[in-house]
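In the UniProt record's numbering, the protein residues as written are 1 to 401. Beta carbons are placed, not taken as given, at the ideal position from N, Cα and C, and that holds for glycine. Note that the coordinates shown come from a computational prediction; the quantities given were computed from them, not determined experimentally.
Here is the structure:
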């Protein structure tokens, strides 16, 4: 007889406990911050007077870079969309501005400024509502090498393997625009290509893929990160090398690994401090570099300079690498960011979006190309600047955002 009340009490207790647990879970869910919204490029029209430093920049220095990009746009069909979701309008929108660009007198900043003010509208760029983003720098690495195998130059720089398949996923669906994968076709299926560790262990040796042989493995590693370089040979000649392909593995920043180990503080991380650590720890250097599975294949370059992803020669201090998932190549961009060498100054100038990179991800993210030489290396190595940017679009374009 006493068993039924006990059962009823137990059931009530269970229900009460379940209710309390449910309440606790709801309270925890209420306390948890909401997930961030998906990244989205939002463009808000502004006046040229809103661009900090617009009247002080040597705007004409960006004109040759923009002319190279215009040559690419001119070759497109008039109804071709420019950029993801047509953010840059149609190729036809650029025909008039590009035709007028050719008429500008070289080196005339006043004429160049008037040209952009006549043909373009500036748009403040944001990631949803966030205007600020990270801007870094890159440069053309200088290395010593040999065209033939030599014990003094033990590090091979590989050409693109013939069986490496690179896939632009945007060709399959708009939602994947700007996303790429790479691999090797095996038995009719695309399989991952070897990672950095496997390639460094000799996975590609003896296949005739060596472009040149380099002296320093650490300098070669930074060449892979920067994407372009100049190789000088013992006979006094030199050649340019640049990005040809990538193995499809995601880029991993080894600076973060050094932070996690306590070897460097976050604010200390730069190209220079990472290189110093690698040189001071030769027994651990290879293993640390292999933490980045991404591996770049190279080609010899001819012409005025290293080529960016738009397949035009980059202009030192005027070419910008961007995330092509959000921003089209060829658009002028006004940058307002911290100066990499002077914390009290601002880097305010007109650049042209002409490249991309494995670490350049997000609507408000950029990588300034600084050229070659010690000054370019210094700027690129230390640049971790917070900043904002403005996109210049032809006045006939009305971006959706």
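In DSSP terms, what residue i is bridged to
i: residue 81; result: 90
i: residue 142; result: 230
i: residue 366; result: 135
i: residue 167; result: 181
i: residue 155; result: 214
i: residue 45; result: 123
i: residue 321; result: 355 and 367
i: residue 150; result: 153
i: residue 372; result: 140
i: residue 100; result: Answer is none; residue 100 lacks a bridge partner.
i: residue 240; result: 230 and 301
i: residue 349; result: 335
Residue i, buried or exposed, once every other Cβ within 10 Å from all chains shown has been counted against 16
i: residue 246; result: buried
i: residue 302; result: exposed
i: residue 148; result: exposed
i: residue 200; result: buried
i: residue 69; result: buried
i: residue 311; result: exposed
i: residue 188; result: exposed
i: residue 185; result: exposed
i: residue 172; result: exposed
i: residue 276; result: exposed
i: residue 398; result: exposed
i: residue 235; result: exposed
i: residue 226; result: buried
i: residue 278; result: buried
i: residue 341; result: exposed
i: residue 150; result: exposed
i: residue 349; result: buried
i: residue 402; result: The structure shown does not extend to residue 402, since the chain is modelled only from 1 through 401, so no value can be given for it.
i: residue 21; result: Here residue 21 scores only 44 on pLDDT, less than 50, and its place in the model should not be relied on; the value that follows carries that caveat. Residue 21 should be labelled exposed.
i: residue 324; result: buried
i: residue 289; result: buried
Distance between beta carbons of residue j and residue i, contact taken as under 8 Å
i: residue 319; j: residue 347; result: The Cβ separation is near 14 Å, so there is no contact.
i: residue 345; j: residue 336; result: That pair is no contact at about 12 Å.
i: residue 116; j: residue 392; result: 6 Å
i: residue 121; j: residue 45; result: 6 Å
i: residue 158; j: residue 209; result: 5 Å
i: residue 142; j: residue 229; result: 7 Å
i: residue 294; j: residue 381; result: Their Cβ separation, rounded to whole angstroms, is 19 Å, which puts residue 294 and residue 381 out of contact at 8 Å.
Three-state secondary structure assigned by DSSP to residue i
i: residue 384; result: strand
i: residue 258; result: helix
i: residue 298; result: strand
i: residue 326; result: coil
i: residue 304; result: coil
i: residue 246; result: strand
i: residue 331; result: coil
i: residue 129; result: coil
i: residue 69; result: helix
i: residue 21; result: Any reading at residue 21 must be qualified, since the residue scores a pLDDT of 44, below 50, and its modelled position is unreliable; the value itself is stated next. Residue 21: helix per DSSP, three-state reduction.
i: residue 312; result: coil
i: residue 340; result: coil
i: residue 215; result: coil
i: residue 397; result: coil
i: residue 199; result: helix
i: residue 124; result: strand
i: residue 116; result: helix
i: residue 355; result: strand
i: residue 191; result: strand
i: residue 39; result: coil
i: residue 392; result: strand
CA nearest to the CA of residue i, picked from the options
i: residue 343; options: 43, 162, 250 and 383; result: 383
i: residue 154; options: 161, 162 and 145; result: 145
i: residue 63; options: 358, 284 and 332; result: 332
i: residue 314; options: 353, 296, 378 and 270; result: 353
i: residue 38; options: 372, 129 and 218; result: 129
i: residue 370; options: 327, 395, 316 and 388; result: 316
i: residue 72; options: 99, 56, 190 and 53; result: 99
i: residue 291; options: 74, 108, 197 and 328; result: 197
i: residue 58; options: 80, 106 and 209; result: 106
i: residue 192; options: 51, 43 and 249; result: 249
i: residue 84; options: 178, 33, 266 and 334; result: 178
i: residue 215; options: 94, 156, 262 and 113; result: 156
i: residue 286; options: 166, 254 and 93; result: 254
i: residue 118; options: 138, 104 and 375; result: 104
i: residue 113; options: 373, 75, 334 and 91; result: 334
i: residue 364; options: 55, 133 and 80; result: 133
i: residue 51; options: 86, 123, 101 and 91; result: 123
i: residue 47; options: 265, 40 and 55; result: 55
i: residue 77; options: 91, 86 and 53; result: 91
i: residue 368; options: 351, 361 and 374; result: 351
i: residue 376; options: 96, 322, 138 and 75; result: 138
Residue-level contact to chain C via CB, residue i, 8 Å cutoff
i: residue 233; result: In summary, chain C is missing from the structure at hand, where a single protein chain is found.
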